[in-house]
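For reference, each letter of the sequence shown is one residue, going 264 to 557 in this note's numbering.
Notes to accompany the following structure.
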Amino acid sequence: MNPQRAMVIGVLDGVHLGHQALLARAAQDGCRVLAAAFHPHPQSVLGQTTPLPLTTWRTRSRELRKHGARVIRLDPRSGLLETPAFDFIRDLHENHQFSRLVVGQDFRFGHRRSGTTTLLEDLGAQFGFEVFVLEDVQFNGERVSSSRIRVALAEADLELANSLLGRPYEILGRVRAGQRRGRTLGTPTANLHPKTMLPADGVYVTSSRLPGGQSVPSVSFVGTNPTFGNEARKCETHVLSDPEEGVPDGAGWPLQVAFQSRVRGAVRFESPEALQHQIHHDLEVARQHHADRR
């Protein structure tokens, strides 16, 4: 007998502790979990201001699969946002035949977000599926949410952001060509300009996943290079392996950077020599952090 299907639905940006609670509830009783995630963000399709996402679609899908879900992409550009609430749930159920739907307290659906959890429970009774509305997951007395994670990242509270995610925050992108100043200073870097949110400016202990799949210790700077005049905000990552095995030359290769801890904030130095001295100190701090984690 095939296991019953349980669906989790939402934007699910970050796949944080709150989302993980939904997935865990859906998986109870041996159900096969379906994760229906909106992408791109519905607000962006409506022309509304949308915060930078925490995850690319690739990262979000990977994290959802890690929690045992089969991922279904809901594209708001396909007319979903104009679909009446009743029709949206009816079509979703007809297409995926789930017996259980698990949502958070703030879940809304259908045209103009007119569908409430009360209506959802009524539709569940009509179409023959259970509805579970979970209470918010709390951390240190406050609700876990993507917005709270963004605030933590912006305020340089990486420890809180990582706690709310249940894993280190990461960015993903393709390396762009830079000014090669790092190579001149003895610390060549790979430069990322991700489409997701960057943490607050500063230096971080990181781990980097290279194109070959290996994860290597690294240290990263996020900011605008104030010592050399403000540039576009980016992440510059230096791999700590010696020699730098597996690090490709040039630009265009994919790099994933996970932020483990914050070393210091961004500082404007009076000279390249002063910056170089600080970089060597930052490298030692990062090496010690990685050594302590072994």
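C-beta atoms are modelled at their ideal positions from N, C-alpha and C, and glycine is treated no differently.
Quiz item: For PRO462, does the count of other Cβ atoms within 10 angstroms reach 16, so buried, or fall short, so exposed?
Solution: By the Cβ-count criterion, PRO462 is buried, with 16 or more other Cβ atoms from all chains shown falling within 10 Å of its own Cβ.
Self-check item: Inter-residue CB distance, VAL278 and ALA289 (contact presumed, cutoff 8 Å)
Solution: 13 Å between Cβ atoms; not a contact.
Quiz item: Taking buried to mean at least 16 other C-beta atoms within 10 Å of its own C-beta, is PRO474 buried or exposed?
Solution: exposed
Quiz item: Are the CB atoms of VAL502 and SER471 nearer to each other than 8 Å?
Solution: Contact: yes.
Practice problem: Flag this pair as yes or no: are the beta carbons of VAL414 and VAL407 separated by less than 8 Å? | Solution: no
Quiz item: From this set, ASP464, PHE349, LEU427 and LEU383, which residue's C-alpha is nearest GLY528's C-alpha?
Solution: ASP464
Self-check item: Residue span of the beta strand (DSSP E) that contains PRO517, given as start and end
Solution: Under the DSSP assignment, PRO517 falls in the beta strand (DSSP E) whose first and last residues are 517 to 528.
Self-check item: Extent of the continuous alpha helix (DSSP H) run through LEU280
Solution: Element bounds for LEU280: 280 to 290.
Quiz item: Cα separation between THR487 and ASP276?
Solution: Note on geometry: alpha-carbon atoms of THR487 and ASP276 lie some 26 Å from one another.
Quiz item: How about PHE484 and GLU499: are their beta carbons less than 8 Å apart?
Solution: yes
Quiz item: Out of ALA495, GLU418 and GLN306, which has the shortest C-alpha to C-alpha gap to PRO457?
Solution: Selection ALA495, GLU418 and GLN306 evaluated against PRO457 yields ALA495 as nearest (Cα-Cα).
Practice problem: May I have a chain-ordered list of the beta strand (DSSP E) segments no shorter than 3 residues that lie completely inside the region 362 to 416? | Solution: 363 to 367 and 393 to 397
Quiz item: CB VAL520 to CB SER504, shorter than 8 Å?
Solution: no
Exercise. Excluding the 5 residues preceding and the 5 following GLN311 in the sequence, name in chain order all residues of the same chain whose CB lies nearer than 7 Å to its CB.
Key: none
Quiz item: If you compare alpha carbons, which of LEU397, SER534 and THR318 is closest to LEU428?
Solution: THR318
Quiz prompt | GLY465, DSSP secondary structure in three states | solution = strand
Practice problem: Please look up how many angstroms separate the CB atoms of LEU344 and LEU337, rounded, as I've assumed it's under 8 Å. | Solution: Not a contact, Cβ separation roughly 10 Å.
Self-check item: Inter-stretch contact at 8 Å, needing at least 3 Cβ pairs: the region 370 to 387 / the region 417 to 435
Solution: no
Quiz item: Can you name, in chain order, every residue of its own chain whose Cβ lies under 7 Å from the Cβ of MET264, other than the five neighbours on each side?
Solution: Low per-residue confidence applies at MET264: pLDDT is 49, beneath 50, and the placement is therefore not dependable, though the value from the model is reported in the following sentence. There are no such residues.
Exercise. Would you decide whether GLN283 is buried or exposed? Buried here means 16 or more other CB atoms lie within 10 Å of its CB.
Key: With 16 or more other Cβ atoms inside 10 Å of its own Cβ, GLN283 counts as buried.
Self-check item: Nearest to THR450 (by Cα), restricted to the options ARG325, HIS552 and HIS543
Solution: That would be HIS543, whose Cα lies nearest to the Cα of THR450.
Exercise. Pull up the DSSP beta-bridge partners for GLU499, would you.
Key: ASN454 and PHE484
Self-check item: Per-residue DSSP class, three states only, for ARG531
Solution: DSSP places ARG531 in coil when its eight states are reduced to three.
Quiz prompt | Per-residue DSSP class, three states only, for GLU536 | solution = helix
Practice problem: Assign GLU433 to one of three DSSP states: helix, strand, or coil. | Solution: strand
Practice problem: Pull up the CB-CB distance for ARG268 and HIS359, whole angstroms please, since I reckon it's below 8 Å. | Solution: 7 Å
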